[in-house]
Ligand code: SAM
Ligand code: SF4
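Numbering (my numbering), first residue to last: 541 to 1005.
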């Protein structure tokens, strides 16, 4: 038995929420491993249990507190608990009251201070051990460590220790926080003010990933296209479209994705970059939220339907067909049947390939909290169902068009039970396929596949050999 491994501090981390959170966890894991911790797959095996939380909707937040309550009994075994991410930032020290077994509360704007916080956590543990002679914290002296930087921080969480699990495609954060303050949204309060990384540092990370064998990079930000290069060199600053193109030009990189784009900051130069740089994927996620100008205005989205449709027109005029996807909220305070009908008509007009749909959920601190959330939950659910049924019809028709066409896919894995390979197209569509055993593809490679059948959310095909 390897004693050094056995005596190593261990941690378990569970991640809730969006891609930003998934990638934040990759950075947190890398930081902990660098600090001498070992990641384990179960709560039972861990000394430190971390939850990277999401508070975008009420349900997401409740899930975290349920999970924390479930594991309270493990405190008696000397385990430590930490809450990271949006719920941590939103609820702050109140978490210690609601879940007294938690010792660490840290928002995403403070992750760069994690190494110091871990030292404090361990020192507290030692003090408790000396006092009580056991690994349990001494009674009456709970350990409470906080990292709750407010909106004022200018720093990004940059680390060279990111622990990416997929060896072929990986995320790079280019911008953190948000200054848009949409009426319903908690993000500006939980992720701090908008701050961009320098293009030099983003490109250095992209080159480093290419050297390690990554071929696909996804640039991340709450609004990636609000990117503002803080680089000091005169003439050296890049716009978002220039940064996209530069990442796409990194030798070895075959695909560059970016999400999420905000309609207000979506310039024509992004479409031009997709037209000229073949490695930039032909997919744009451009959340509209509502098709009604009245609701867009109440949501403080900073654009009209017409302006949104103008951006859609730029994309539709591109040389390559660009797949467009969106987020939509139903039941925002004051949304009438007519407003909702305008959202349905917008779905038709755009022809999205996929839409994430949400029922409006009132969130702490947000401007819309002051509005009466008068639409009953049942009615929100009805609108959601109507919306999803309409979108399904649209997708059935859209996906059908690809039957008979050949697309390059990145091989993502194998579904043994179906005898199929799992592939993803540049448009971000799932294209599962069969291949002769003699030419079975490797995961992470790119192969041509002819689509032979379509479903509402995916395509089926055969590898072209
Ligand atoms: N920054 C992106 C944008 O502005 O399009 C969106 C980021 S947000 C993390 C993801 C999605 O969550 C939003 O596009 C919105 O549809 C949904 N969302 C945010 N707050 C919500 C709320 N209070 N109720 C329901 N859905 C919400
Ligand atoms: Fe939230 Fe609006 Fe910022 Fe998107 S742009 S993160 S919806 S406040």
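Each residue gets a CB set at the ideal place from its N, CA and C atoms; glycine is no exception.
Values in this document were obtained by computation on a predicted structure and should not be read as measured data.
Item to complete: Report the three-state DSSP secondary structure of residue 765 (helix, strand or coil).
Response: It is helical.
Worksheet item: Does residue 829 come within less than 8 Å of chain C when only Cβ atoms are used?
Response: Of the chains in the structure shown, none is chain C; there is only one protein chain.
Fill in: Separation of residue 790 from residue 940, as counted between CA atoms
Approximately 35 Å between the Cα atoms of the pair.
Fill in: Distance between residue 890 and residue 852 (C-alpha atoms, nearest Å)
Straight-line spacing of the CA atoms in residue 852 and residue 890 works out to 7 Å.
Fill in: Contact check, residue 627 vs residue 582, beta carbons under 8 Å
No, they are not a contact pair.
Discussion item. With the cut-off set at 8 Å, would you say residue 952 and residue 963 are in Cβ contact?
Written reply: Yes.
Worksheet item: Can you list, in chain order, every residue whose CB sits closer than 7 Å to a heavy atom of the ligand SAM?
Response: Contact residues of the ligand SAM (beta-carbon closer than 7 Å to any heavy atom; chain order) are 558, 596, 597, 718, 720, 722, 724, 725, 726, 727, 762, 763, 800, 802, 827, 829, 867, 868, 869, 896, 898, 899, 900, 901, 902, 903, 906.
Worksheet item: When DSSP labels each residue in this structure, what does residue 816 get in the three-state scheme?
Response: In the structure shown, residue 816 sits in a helix (DSSP, three-state: H, G or I).
Worksheet item: Which ranges would you report for the beta strand (DSSP E) in the stretch 715-798 if only whole runs of at least 3 residues count?
Response: Scanning the stretch 715-798 from its first residue to its last, the whole beta strand (DSSP E) runs of 3-plus residues come out as 756-760.
Worksheet item: With burial defined as no fewer than 16 other Cβ atoms inside 10 Å of the residue's Cβ, what is the status of residue 828: buried or exposed?
Response: It counts as buried.
Worksheet entry | Alpha carbon of residue 861 to alpha carbon of residue 714, nearest angstrom | Answer to the nearest angstrom: the Cα atoms are 26 Å apart.
Worksheet item: Hey, how far is the Cα of residue 816 from the Cα of residue 873?
Response: Using only the alpha carbons, I get a separation of about 42 Å.
Worksheet item: residue 899 lies in the beta strand (DSSP E); which residues open and close that run?
Response: Going by DSSP, residue 899 is part of the beta strand (DSSP E) stretching over 894-899.
Practice prompt. Go ahead and label residue 729 buried or exposed: buried means 16 or more other beta carbons lie within 10 angstroms of its beta carbon, across all protein chains shown.
Written response: Of the other Cβ atoms in all chains shown, 16 or more fall within 10 Å of the Cβ of residue 729; this residue is therefore buried.
Worksheet entry | Residues of its chain near residue 895, where Cβ-Cβ distance is below 6 Å and the 5 sequence neighbours each way are ignored | Excluding residues within five positions, the ones whose Cβ falls inside 6 Å are 866, 868, 931.
Worksheet item: How many angstroms separate the CA atom of residue 989 from the CA atom of residue 559?
Response: Answer to the nearest angstrom: the Cα atoms are 27 Å apart.
Practice prompt. Below 6 Å CB to CB, which residues in the same chain sit around residue 670 once its five sequence neighbours on both sides are set aside?
Written response: Because the pLDDT of residue 670 is 43, which lies under 50, any placement of that residue in the model is unreliable, and the number read from its coordinates should be weighed accordingly. Around residue 670: no qualifying Cβ.
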